[in-house]
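The next block holds one structure in the form of structure tokens; read it before the comments.
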Amino acid sequence: MSSSPIECLVTWKGRKQVLLVNGDHKKSDVIDAAMLTESWTSLQCDRIEVYNSRFETYVEVSEEHIFCDGDKINLVASDSCDEESLPLKTGTNDGPSVVASCSSGFQQMHYELPPVPVDIKFDIDRTTLGEVSSRTKSRIVSWITSHLLQVDLYPGKFYEPAARALVLKYPVLRDTMGTGFDSWRVAFKYKMCNIRKSVDNNPKVEEARKKFCRKGNFQDKCHPKKQCRLSTGALETRGEEDDGVVAAHIEFMIKEVKRSTPDIAKLKASMKATFSSRRKWIQESSPSTAVLLERYPALALRELLRQQFMSITQVDFESKLLNFINTHGERCLQLLKMSRTAKSALAEAEQAISEAEGDLKKYYFAVAVLQLLPHLVKEQPNFLRGPDSYPSLVMNNKALIATEICTTFESYKVEVIDLISGTSALMELYWIMNIQYSSRNKNTFALMEHFCGLNSAARSPLVMRAISLIEKV
């Protein structure tokens with residue numbers, strides 16, 4: 299988790315400004331803060347010095363130096379780096395104007411926004427900080443990514459400079475937390491991903507797709523699943539579907555998922571019609587995720603994964619999980635205060651919760667319960683530390699502040715909106731793929747099963763004790 303913001307007096311070429319530094323308070327965070335000021339957009343820095351009160355002079359700091367609140371910082375320009383000497387050609391005269399700055403510890407790319415369309419400018423002028431409408435955000439993302447396409451189909455190095463330039467020119471578009479532009483950087487990344495999905499006969503895209511497929515197949519061979527037989531009784535009361543009808547539904551779903559905007563209602567209907575045959579096939583054949591997704595690609599959609607799980611269990615796990623957190627969360631955190639292994643993580647979570655407000659405070663509380671719950675049954679939250687040979691979550695940061703979360707297992711990968719949805723998707727994958735829980739978190743999942751109305755896994759004495767302690771008033 300990143301630390302609280304600090305204020306530092308920063309000097310650059312004789313000009314002084316008090317900057318708010320977020321993140322981990324390292325050199326890159328100072329540079330990010332400086333780049334967001336209007337007067338220092340073309341900042342090029344060779345090294346950073348901080349004032350040492352003992353020796354009464356500025357001294358150079360290492361890459362891992364952590365700055366403190368009230369530090370006096372001096373940014374030293376490179377003698378050999380000229381802002382106009384390193385243009386990156388984009389291939390067209392109208393493409394993004396980008397400059398790479400020289401530095402000893404990092405490289406900054408400077409992006410110049412293209413002319414803003416009239417309708418987008420009109421929407422921005424009517425926007426207030428922290429209240430960007432989904433329509434306006436979608437239009438802005440399309441505008442910027444269309445511009446980035448002039449550079450490359452894989453303009454990864456431009457996402458952050460473009461996001462920074464956007465919020466610098468239009469401050470009302472800033473995020474209300476973090477660096478101020480993280481949500482835009484992520485939005486550009488996902489938009490470009492979706493654009494590439496519709497690209498055919500492009501050598502660069504085809505090569506990337508081949509690499510991805512090879513990785514998935516390798517994982518499937520190296521990590522065979524352990525089978526079990528999870529069941530809640532009568533899973534389907536209807537008779538077996540005709541083979542021809544099932545084949546027609548499968549063919550329809552394969553084609554429908556490839557569309558830019560698949561009809562979710564029709565996909566749900568086809569998934570429901572093929573439920574019995576699909577469930578029987580999974581139980582008898584134990585297909586890998588690659589084979590499963592090849593036959594039923596709709597399961598890669600979060601909504602369809604949830605429907606399949608509910609067809610098996612008759613339980614809305616995400617709603618049940620939220621109810622458990624709201625009902626027993628405080629009791630769980632109270633019990634965890636007696637756990638030595640959870641002490642550090644609990645203190646960090648409690649600080650984050652105390653500093654947050656509104657919905658963010660509620661979300662931090664939910665995340666704290668989920669990531670600390672394993673400690674009640676003497677386990678670690680390994681399911682939050684993917685990738686793994688079992689279903690797990692892959693995040694771009696610590697659980698409390700992660701902005702990108704994916705549920706992964708073998709060739710399966712689905713993006714989720716938050717840790718609650720991600721944990722629910724993990725449970726759904728275990729049941730749908732009909733596999734045993736990881737031995738490292740089997741007690742944690744058994745505990746969640748009990749409080750969410752699922753009764754499959756055998757409960758160890760540790761689980762029974764935890765249930766008793768949690769339910770005790």
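Per our numbering, the sequence shown runs over residues 299 to 771. Where is the CB? At the ideal position from N, CA and C, for every residue including glycine. Computed from a prediction, not measured in an experiment: that's the story for all the values here.
Exercise. For G454, count neighbouring C-beta atoms within 10 Å of its own C-beta (all shown protein chains included) and say buried if the count is 16 or more, exposed if not.
Key: exposed
Quiz item: Tell me which same chain residues have a C-beta within less than 6 Å of the C-beta of K711, skipping the five on either side of it?
Solution: C704
Quiz item: Do L565 and the ligand SAM come close, with the Cβ less than 7 Å from some heavy atom?
Solution: The model depicted lacks the ligand SAM and carries no ligand whatsoever.
Quiz item: In whole angstroms, what separates the C-alpha of Q315 from that of P415?
Solution: 33 Å
Practice problem: Flag this pair as yes or no: are the beta carbons of S575 and V544 separated by less than 8 Å? | Solution: yes
Exercise. Count the CB pairs spanning the segment 601-613 and the segment 739-756 that are closer than 8 Å, and state whether there are at least three.
Key: yes
Quiz item: What beta strand (DSSP E) runs, 3 residues minimum, are completely inside the segment 628-694?
Solution: 690-693
Exercise. Out of T425, A461, R437 and M490, point me to the one whose CA is closest to D450's CA.
Key: M490
Quiz prompt | Three-state secondary structure (DSSP) of C750 | solution = coil
Exercise. Indicate whether G720 and L691 have their beta-carbon atoms separated by less than 8 Å.
Key: Between G720 and L691, the C-beta spacing is below 8 Å.
Quiz item: Between the C-alpha atoms of V465 and P412, what's the straight-line distance to the nearest angstrom?
Solution: 14 Å
Exercise. Less than 8 Å between the CB atoms is what I'm expecting for L634 and F681, so what's the real figure, rounded?
Key: Contact between L634 and F681 does not hold, since the beta-carbon distance rounds to 17 Å and is not under 8 Å.
Exercise. Please go through the segment 697-743 and give each complete beta strand (DSSP E) segment of 3 or more residues, from N-terminal end onward.
Key: 703-707 and 710-714
Self-check item: Whole-angstrom distance between P685 and A764, CA atom to CA atom
Solution: 28 Å
Practice problem: Return the Cβ separation of D330 and T477 in integer angstroms, given the expectation that the two are a contact with Cβ distance under 8 Å. | Solution: 6 Å
Quiz prompt | Reduced DSSP category for Y457 - H, G, I as helix; E, B as strand; rest coil | solution = helix
Practice problem: Give the straight-line distance between the Cα atoms of V503 and L307, rounded to the nearest whole angstrom. | Solution: 46 Å
Quiz item: Which of helix, strand or coil does DSSP assign to R600?
Solution: helix
Quiz item: Distance, Cα to Cα, N624 vs F486?
Solution: Computed Cα separation, rounded: 35 Å.
Quiz item: Which of the three DSSP states, helix, strand or coil, is assigned to L468?
Solution: Inspection of the sequence shows that residue 468 is occupied by Tyr rather than by Leu. Residue state, collapsed to three classes: coil.
Quiz prompt | Bridge-paired residues (DSSP) for V359 | solution = According to DSSP, V359 bridges with nothing at all.
Quiz item: Are the CB atoms of I346 and L373 nearer to each other than 8 Å?
Solution: Closer than 8 Å, so yes.
Quiz item: Going by other Cβ atoms of all chains shown within 10 Å of its Cβ, with 16 needed for buried, is K676 buried or exposed?
Solution: exposed
Quiz item: Which residue's Cα is closest to the Cα of I418: L446, Y468, Y452 and Y409?
Solution: Y468
Practice problem: Check the DSSP bridge columns for V374 and list the partner residues they point to. | Solution: R345
Quiz item: Is DSSP giving N500 helix, strand or coil here?
Solution: coil
Quiz item: By DSSP, does Q315 sit in helix, in strand, or in coil?
Solution: Strand at Q315.
Quiz prompt | Own chain partners of E601 with C-beta closer than 7 Å, once the 5 adjacent residues on each side are dropped | solution = Excluding sequence neighbours, E601 sits near I562.
Quiz item: Over what stretch of residues does the beta strand (DSSP E) that includes W429 continue unbroken?
Solution: The residue asked about is misnamed: residue 429 is Glu in this sequence, not Trp. Here E429 belongs to no beta strand (DSSP E), and DSSP marks it neither H nor E.
Practice problem: Could you name the residues of the same chain whose beta carbon sits closer than 6 Å to that of I580, not counting the 5 residues immediately before and after it, in chain order? | Solution: N732
Self-check item: Euclidean distance between Cα positions of K696 and A598
Solution: 25 Å
Quiz item: Contact check, R437 vs D421 under 8 Å by CB: the rounded distance?
Solution: Yes, they are in contact, since the Cβ atoms of R437 and D421 sit about 7 Å apart, within 8 Å.
Quiz item: Quick one: what does DSSP say C366 is sitting in, helix, strand or coil?
Solution: coil
Exercise. Please confirm whether E410 and A463 have their CB atoms less than 8 Å apart.
Key: yes
Self-check item: Start and end residues, beta strand (DSSP E) containing E305
Solution: I304 to W310
Exercise. Answer with buried or exposed for P459, where buried requires no fewer than 16 other C-beta atoms within 10 angstroms of its C-beta.
Key: buried
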